[in-house]
Amino acid sequence: MNKNQEELFILISGRSTRQGTSMNESKFSKEYLEETGVIQICPEDMTRLGLTAGDLVCIRSEQRSIEIPCVAAKEKELPSGLLFMAYGDWSSRLMGSDTHGTGMPNSKGTDVYLSKVCAIKKD
Amino acid sequence: MQNELKVVSNATCTFCGCVCDDIELTVEGNHITKAKNACVLGKAWFLNHQAGEGPVARIRGKEATVEEAVEEAARILVDAKFPIIYGLSDTTCEAQRVTVAIADWVGASIDTTTSVCHGPSGMAFQGVGEITCSLGEVRNRADLVIFWGSNPAESHPRHWGRYSTMPKGLFVPNGRKDRTVVLVDVRRTKSAPAADIFLQIKPRKDFEVLWMLRALVKGLTINEADLIDTGVTLEQLQNLVDRMKACKFGVLFFGMGLSMTRGKHLNVEAALALARDLNAFTRFYANPMRGHGNVTGADNVVSWQTGYPFGVNLGRGYPRFNPGEFTTTDTLARKEADAAMIIASDPMGNFSQAAREHLASIPYIALDTKETSTTRAAAVAFTTATYGINVPGTVYRMDDVPIPLRPAFESPYPSDEKILRALEKKVLHLLQAKLQASN
Amino acid sequence: MAITRIKGGKIYDPVNGINGEVRDIWIKDGKIIAPPIEADILPEKVIDATGRIIMPGGVDMHCHIAGPKVNLARKMRPEDKRYAPHVSRTALTRSGTIGSVPSTFATGYLYAGLGYTTAFDAAVPPLSARHAHEELQDTPIIDKGFYLLMGNNHYALEQIAKKDYEKLNSFTAWLLESAKGYAIKLVNPGGVEVWKSGGANISEIDQDIGHFNCTPRQIIQGLSQTAMDIGLPHAVHIHCNNLGIPGNWRTTQATMDALEGRRAHLTHIQFHSYGGEPDDQGKFCSKVQELADFVNSHPEVTVDVGQVLFGETTSMTGDGPLGYYLHKVTGKKWTSADTEMEAGCGIVPMVYKEKSFVNALQWAIGLEWYLLVKDPWQIAMSTDHPNGGSFLAYPEIIQLLMDRTYRQEILKRVHPRVLERSCLKDLDREYTLNEIAIITRAGPARMLGLKNKGHLGIGADGDVTIYNESSNILAMFELPYMVIKYGKVVVEKSEIRLQVPGNTLHVSPSFDPGLVGGIRKWFESYYTIQFENYPVTDEYLSGGGTMIPCNKK
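Going down the list, the protein sequences come from chains G, P and V.
Heads up, the first sequence is in my numbering, so the first residue is 641 and it goes up one at a time.
Heads up, the second sequence is in my numbering, so the first residue is 96 and it goes up one at a time.
Heads up, the third sequence is in my numbering, so the first residue is 32 and it goes up one at a time.
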């Protein structure tokens, strides 16, 4: 993937054990910030995109862009085309505010674009 | 007091909706050093618990007396035209009840974290009804247990061991061996290895698949072509339907995977309708995997006091309900609220950007046990004691069972209930003065 | 030390044989006292009730107002409330919603507004007792309590099967004490367990319950005896098997016979009095006379009616399989919630229509009961709120009972076949005010064993309702002039004047502590909470609570 190309992925956000345990200490703790401040990509997609763990990627939703380091998901856990983030500040920034009359914005299974560099102004 | 050692038995953990009440806490002074029976999340809850820091009360970041802060908080609420109150999942029912009272007196919107969690499930329940049971029914009778859009290994670690798949029960004498466990999810999560059957569904296909299951249960014909892009095959679904019809007691536990993705309440309606349809063949249930320790309590309290579960507005002097209109994400993102009170939750850390920006622009009160993005930007912030660790009271487990808390040690900080009672008193006083002034 | 005097009212106090006499009532420290002889004792407050009618505060001994089932119904039905009247907040009182399942504050205010000062929720699973207590704490003004579901309780069924009545008695006492409940409630005894185990239901009281090796007959006999043995103030409270099914009058009769002379209260008896056959709606008819004959010759048995009124409401019951049946029959949304080891529940929206033969006959059957039971002390008014209708319809029932012309008017409008299948058109009886006072306060208080309620004699609680006398019965009972609770004015001119918390009434029967170990062992094998976290402690009791003593022989 060249640095200006964007690819469509589906983002899943969810609970992770480390996110759950570290939030008890503090939402400003190093562990919590680390756990919620990365995005998981499946190993095949990482390879195909020429990414290594720690590389910054740009994730763009309809509302916002964020720049965030990536890591490889555990083998076989994440299918190709999906991304995972532990719930937190960063995952929520990508969330829209339209709740479709339910009170709850879509926050799982949302369309996002991944690229190596943020083309537009980001948060 | 320092280094005084004591053991608190039958303590209740409120980190997740399992609300395990068999925790044995070893307490040394004001630290919990052991939490026997607790899972990894529970241990972190009890052991990593940091006593609050700094003053009890702050006004715009500066230390203030509780009286001053309560006065300022009351003024913010009473002077507002469209105040909103939100949160409440991590506090006792006793505190929740006072909060709804305050909302009533000032004519606020009252909403809980339900609206960003299982609120859509609540809406589905209003459409279809629900067939549910307490967790002990699952323990004693269930031979088929399905998890859909839920990752209990990481979100509710003791659910399987204490309630749903492992334990021996009256009609399930061999425990796990007598049960079939099915997991349906878009990722092969850490829960998958423990399941007998794993169906990896494609994202945003839950409604379609659930609806096709309903069709198969009713004996309608489904073509393989209908299942393209769902990630599952007809054979897999038919197999599941056969098991569901043949079981003695089946239960479908559903999580945020249904309520937070495209379709939301419609996904949950499909799951609830499926469970209901299966009652023509056997006993079948659908139960939500509630997240926080007392979000179920918040639902219950708001419901019995107002008649509606969440997203309630009291501005006209009586309760009105409308998700999307009075729910907090919406009243913030649309810039309708002009003041807020946030209790035991962190919308500045997990709401949409538009909602966060607006919240930052209005005066709001925050009550929390520790520092968060929400408390940092509050006009009035209270540091309070932690329920279940310092404060006694009542909480409700995910299946609506009410459970008492057994605190481990006292906190120098007041409970949410104490602050809220003082606030209620002050609010009534200000309202009275306002009324007299206008006469 | 505040003394209140209510002067000049026409008193209806059936317990003390006062039938319309003009007398004063004196209340001190919340209790009724004899009029002071000393001339220098002056009351702090004098209420002029000249020309008005006075009765003791109403006592509702069967309604569904608090607990998990009621709250599920609230959550489930926002549509029931949107266009219904609501309760607006005032400087003193909280807001609320009404519909068929009012919110808690509204419940307290509305009951008080009708002149009721005591109400009991009829069915709470012990595991959720804490929840019911919390809701009752938020149900102001009235005194209240609830009955504990036991007819499908696993421990109880086990002891009944083993015929170990000593254990059954101790368990029941322990359970009532732990939950701070008031009475034993049987709902479709054995039938809910059959349903939970995958069976259909129970239709006969000698049907086997499967795993537990006992029959509904044995449950009925066992627990009716237990209520007497441990001296509970209220008899066992029974929702018979087979509710709502045409032909079920036989099940009701069999239940009555099974009691063999023991005290019992059969609830919402209207739903259990149907002749005909399950699969032939055309044959549906009333069998009230046959069952009323039994009640008329058995003073130890009491009933409440469960009157159906036309309109929309919500059915809610501890009878799980009944919920499923109603869902299938009506096609409406259905909620069911089973509680481990103890109980079930079913909730379905309901509509009763004048033009429906079945509904109209149900309505007529309820009225037949009131008119065919000879002794009003044996029959209590109820709608099984909200199952047959809201408690707000009580004044309408009073009108139906006191005014046969009004009954006849409605009979002209309902489905015509009702006239052949029910004898209502031939029943001329009209209730007197004295009889109304019996079926709405004196009788229920006596059935519940509440010695200080339902009457205005010395020592009674100062709960008094003052009505404006009127030939418009409906208006008279819908809008009391004043309602007094423990001697304080709580309602005046349809406004709440004082918000008191009301007292939770409960029993604390004695039991052999040596048997608790066995209960604990059973509990820990099957429940999913800790044994120590099961009992409810005193701080959950509204107003501090009042323990009503048991009379163990």
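Backbone N, C-alpha and C fix where the C-beta goes; we use that ideal spot for every residue, glycine too.
As the structure is a computational prediction, the values presented were derived from the model and not from experiment.
Under a CB-based cut-off of 8 Å, is residue i close to chain G?
i, result
"P/ASP441", "yes"
"P/ILE486", "It is Val, not Ile, that sits at residue 486 of chain P in the sequence shown. Not an interface residue."
"P/VAL490", "no"
"P/ASP394", "no"
"P/HIS144", "yes"
"P/PHE376", "no"
"P/VAL304", "no"
For residue i versus residue j, is the C-beta spacing smaller than 8 Å?
i, j, result
"P/CYS179", "P/ALA450", "The amino acid occupying residue 179 of chain P in the given sequence is Ile; Cys does not appear at that position. Result no, Cβ atoms of P/ILE179 and P/ALA450 do not sit closer than 8 Å."
"P/PHE220", "V/MET107", "yes"
"P/THR489", "V/GLU189", "no"
"V/ALA163", "V/MET347", "no"
"P/PHE537", "P/PRO383", "No answer is possible for residue 537 of chain P: it lies beyond the span of chain P, which begins at 96 and ends at 534."
"P/LEU367", "P/GLU225", "yes"
"V/HIS268", "V/THR283", "no"
"P/VAL276", "P/LEU373", "no"
"V/ASN483", "V/ARG83", "no"
"G/ARG704", "G/LEU673", "no"
"V/LEU374", "V/LEU180", "The sequence shown places Ala at residue 374 of chain V, not Leu. Contact: yes."
"P/ASP301", "P/GLY386", "no"
"V/GLN393", "V/GLN320", "no"
"V/ASP44", "V/PRO87", "yes"
"V/PRO139", "V/TYR196", "One detail in the question is off: residue 139 of chain V reads as Gly in this sequence, not Pro. It is not a contact, given that the beta carbons lie outside the stated cut-off."
"P/ASN125", "P/ALA146", "yes"
"V/GLY490", "V/ILE63", "yes"
Could you tell me how far apart the beta carbons of residue i and residue j are, in whole angstroms, since I believe they sit closer than 8 Å?
i, j, result
"P/THR467", "P/GLY444", "6 Å"
"P/THR574", "P/ASP495", "Any property of residue 574 of chain P remains undetermined from this structure, which presents chain P solely from 96 to 534."
"V/THR345", "V/VAL132", "6 Å"
"V/SER126", "P/PRO414", "6 Å"
"V/LEU402", "V/LEU458", "4 Å"
"P/ARG282", "P/THR260", "Wrong, their Cβ atoms sit about 20 Å apart, outside the cutoff."
"P/ASP321", "P/MET307", "7 Å"
"P/VAL122", "P/ALA503", "5 Å"
"V/ILE251", "V/LEU207", "The pair is not a contact, with the Cβ atoms about 18 Å apart (cut-off 8 Å)."
"V/THR257", "V/GLY337", "V/THR257 to V/GLY337, Cβ: 24 Å. No contact."
Are any of the Cβ atoms in chain V nearer than 8 Å to that of residue i?
i, result
"P/MET96", "Residue placement at P/MET96 cannot be trusted, given a pLDDT of 48 that sits under 50; what the coordinates show is reported in the next sentence. No - not a single Cβ of chain V is within 8 Å of the one on P/MET96."
"P/TYR498", "Note that residue 498 of chain P corresponds to Ile in the displayed sequence, not to Tyr. Judged by the 8 Å Cβ criterion, P/ILE498 is in contact with chain V."
"P/VAL223", "yes"
"P/LYS343", "yes"
"P/GLN400", "yes"
For chain P, is any of its Cβ atoms less than 8 Å away from the one on residue i?
i, result
"G/PRO719", "yes"
"G/ILE699", "no"
"G/ASN664", "yes"
"V/SER525", "no"
"G/LYS670", "no"
Self-check item: Segment contact flag, the region 641 to 661 of chain G with the region 707 to 724 of chain G, C-beta cutoff 8 Å, min 3 pairs
Solution: yes
Self-check item: the region 505 to 520 of chain P in contact with the region 147 to 163 of chain P per 3-pair CB rule at 8 Å
Solution: yes
Quiz item: Whole beta strand (DSSP E) runs in the region 150 to 202 of chain P with 3 or more residues, listed along the chain?
Solution: 152 to 154, 157 to 159 and 178 to 182
Quiz item: Any contact of the region 184 to 204 of chain P with the region 346 to 365 of chain P, i.e. 3+ C-beta pairs under 8 Å?
Solution: no
Practice problem: Spell out a yes or no on whether the region 44 to 62 of chain V and the region 300 to 314 of chain V are touching, meaning 3 or more CB-CB pairs, one atom from each, closer than 8 Å. | Solution: no
Exercise. Please go through the region 200 to 237 of chain V and give each complete alpha helix (DSSP H) segment of 4 or more residues, from N-terminal end onward.
Key: 222 to 227
Exercise. Would you list, in sequence order, the uninterrupted alpha helix (DSSP H) runs of no fewer than 4 residues that lie entirely inside the region 293 to 378 of chain V?
Key: 319 to 327 and 351 to 361
Quiz item: If you pair each beta-carbon of the region 91 to 100 of chain V with each one of the region 167 to 176 of chain V, do three or more pairs fall below 8 Å?
Solution: With a cut-off of 8 Å, the region 167 to 176 of chain V and the region 91 to 100 of chain V count as touching, because enough Cβ pairs lie within range.
Exercise. Indicate whether the contact test is met: 3 or more Cβ pairs, each with one atom in the region 735 to 755 of chain G and one in the region 460 to 477 of chain P, closer than 8 Å.
Key: Taking a cut-off of 8 Å on C-beta distances, the region 735 to 755 of chain G does not touch the region 460 to 477 of chain P, as fewer than three cross pairs fall below it.
Quiz prompt | Meets three-Cβ-pair contact criterion under 8 Å: the region 242 to 257 of chain P and the region 335 to 345 of chain P | solution = no
Exercise. Could you tell me whether the region 523 to 543 of chain V touches the region 40 to 48 of chain V, using the rule of 3 or more Cβ pairs below 8 Å?
Key: Verdict: no, contact absent.
Exercise. Report the residue ranges of all alpha helix (DSSP H) runs contained in full by the region 198 to 274 of chain P; include only those spanning at least 4 residues, in chain order.
Key: 214 to 223, 230 to 236 and 247 to 250
Practice problem: Would you check if the region 282 to 296 of chain V and the region 234 to 251 of chain V touch, i.e. whether three or more CB-CB distances between them fall below 8 Å? | Solution: yes
Quiz item: Hey, which unbroken runs of the beta strand (DSSP E) at 3 residues or more fall wholly within the region 513 to 561 of chain V?
Solution: List check, beta strand (DSSP E) in window: 513 to 516 and 519 to 523.
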